Amino acid sequence: MKVTIVGAGAVGASCAEYIAIKDFASEVVLLDIKEGYAEGKAMDLMQCASLNGFDTKITGVTNDYSKTAGSDIAVITSGIPRKPGMTREELIGINAGIVKSVAESLVAESPNVILIVVSNPMDTMTYLAHKAIDLPKNKIIGMGGALDSARFKYRLAEALEAPISDVDGMVIGGHSDVGMVPLTAHATRNSVKVSEFLSEERLNQVMEDTKVGGATLTKLLGTSAWYAPGAAVSALVQAIACDQKKMFPCSALLEGEFGLNDLCIGVPVILGRNGIEKIVEIELSEAEKTKLHTSAEGVKKTNGLLEL
Numbered sequence: 001m002k003v004t005i006v007g008a009g010a011v012g013a014s015c016a017e018y019i020a021i022k023d024f025a026s027e028v029v030l031l032d033i034k035e036g037y038a039e040g041k042a043m044d045l046m047q048c049a050s051l052n053g054f055d056t057k058i059t060g061v062t063n064d065y066s067k068t069a070g071s072d073i074a075v076i077t078s079g080i081p082r083k084p085g086m087t088r089e090e091l092i093g094i095n096a097g098i099v100k101s102v103a104e105s106l107v108a109e110s111p112n113v114i115l116i117v118v119s120n121p122m123d124t125m126t127y128l129a130h131k132a133i134d135l136p137k138n139k140i141i142g143m144g145g146a147l148d149s150a151r152f153k154y155r156l157a158e159a160l161e162a163p164i165s166d167v168d169g170m171v172i173g174g175h176s177d178v179g180m181v182p183l184t185a186h187a188t189r190n191s192v193k194v195s196e197f198l199s200e201e202r203l204n205q206v207m208e209d210t211k212v213g214g215a216t217l218t219k220l221l222g223t224s225a226w227y228a229p230g231a232a233v234s235a236l237v238q239a240i241a242c243d244q245k246k247m248f249p250c251s252a253l254l255e256g257e258f259g260l261n262d263l264c265i266g267v268p269v270i271l272g273r274n275g276i277e278k279i280v281e282i283e284l285s286e287a288e289k290t291k292l293h294t295s296a297e298g299v300k301k302t303n304g305l306l307e308l
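Just so you know, we're using full-length UniProt numbering here: the sequence shown kicks off at 1 and counts up by one.
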């Protein structure tokens, strides 16, 4: 199993590290445009191999896509990260050109690759990848919902004063501060609805804290987060590589599901060897449907800024 990660910055390197430590891939190729940067990150990570007990080979390359040939899965993290006060949508002008070029270069070397898009604005960049390259729709996946759901579960566990292993929850909708739809009514603690433990006011606070999870970290760090995004990507890669048939909320191209068409947005999917094996149309309340459709309008507005 060969995995390529384009962008050797904080998110890309974290993703490579988590994939290597899980030891399910034979090779990870880390590619960056900055001379020597990916090679240095790869060397540093490989010097962890004996200490962390993995045999995955990590190779760094500078802008040489021939070294990515035969990749089963490729992750696109490249582009500029958010700075304090920036929205994800404000990154579109620069990142669209980068993502289109990267996606085309990857598919030229690995025509059967499965793409995972991380670059922001993530739903729009995933949509761009669908329009720019000739891959089946199940083979282009946006990462956002997996990360947003991890942040949701963190906030739920915090509110419940419970171990996070007790908690389950999901975020659908657009990967943006206003577009996320944390499904508080579906969230559970060991199969018991969290509404049995938390007041409506506290649940609303959890929801709002989740929606600004990325912005909160950007303000604290001065740039985008990387540990949780890297872990989220590695979980998706593992689900595909190991054919786990796991359910994650991911940005998928919709063609009528949830009453939505011609956009990519976060919905529950089953991930396996073929990428998105199934889109799971869970039952939503009228309020949740309204929020999802409002989020979709926001995503479509951002998509309208693309030069396709």
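Ideal Cβ placement from N, Cα and C applies to all residues, glycine included.
Being a predicted model, the structure only gives us computed values, none of them experimental.
Closest in alpha carbon position to Ala232, among Ala38, Asp148, Gly97, is Asp148.
Just measuring C-alpha positions, the residue of Ser165, Glu277, Leu135 sitting nearest Ile240 is Glu277.
For the options Ser224, Lys22, Cys48, Ile141, the alpha carbon positioned closest to that of Cys242 is the one of Lys22. With contacts defined as CB atoms closer than 7 Å, Ile116 and Leu236 qualify as a contacting pair.
In this structure, Asn112 keeps its C-beta atom at 7 Å or more from the C-beta atom of Asn274. For Lys301, there are no CB contacts under 8 Å within the same chain when 5 residues up- and downstream are skipped. In this model, Ile98 and Thr126 are separated by some 12 Å (Cα to Cα). Within the UniProt domain "Lactate/malate dehydrogenase C-terminal" (147 to 301), the complete alpha helix (DSSP H) segments of 4 residues or longer fall at 200 to 211, 213 to 221, 227 to 241, listed in chain order. By alpha-carbon distance to Ala10, the top candidate from Leu128, Cys250, Thr223, Val269 is Thr223. If you compare the alpha carbons of Thr210, Ala108, Val181 with that of Val267, the shortest gap goes to Val181. Distance check between Ile19 and each of Gly304, Ile33, Met46, Lys67 places Met46 closest, using alpha-carbon atoms only. With respect to Ile133, Ala157 sits apart: the two C-beta atoms are not nearer than 7 Å. Shortest Cα-Cα distance from Gly7 to any of Gly36, Ile92, Asp55, Ser165 involves Gly36. Cβ contact annotation for Lys246 (same chain, cutoff 6 Å, sequence separation greater than five): Ala239, Leu271, in chain order. Asp262 has its alpha-carbon roughly 19 Å from the corresponding atom of Ile282. With a cutoff of 7 Å on beta-carbon distance, Val299 and Asp123 are scored as near each other. DSSP lists Lys2, Lys57 as the beta-bridge partner residues of Glu27. Between the C-alpha atoms of Gly179 and Gly145 there is a straight-line separation of about 11 Å.
Inclusion of Cys48 and Gly142 in the CB contact set at 7 Å is not warranted, their separation being larger than that value. For Ile133, no beta strand (DSSP E) segment is defined, and its DSSP state is neither H nor E.
Between Glu27 and Tyr65, the CB-CB gap reaches or exceeds 7 Å.
A distance of 7 Å or more separates the beta carbons of Val107 and Lys67. Within the segment 93 to 142, the runs of beta strand (DSSP E) that reach at least 3 residues and sit entirely inside it are, in chain order, 114 to 117, 140 to 142. When DSSP states are grouped into helix, strand and coil, Asp72 belongs to the coil group. As a beta-bridge residue in DSSP terms, Asp32 pairs with Thr62. By the C-beta density criterion, Asn52 is exposed, having fewer than 16 other C-beta atoms within 10 angstroms. Collapsing the DSSP output to three states places Leu91 in a helix.
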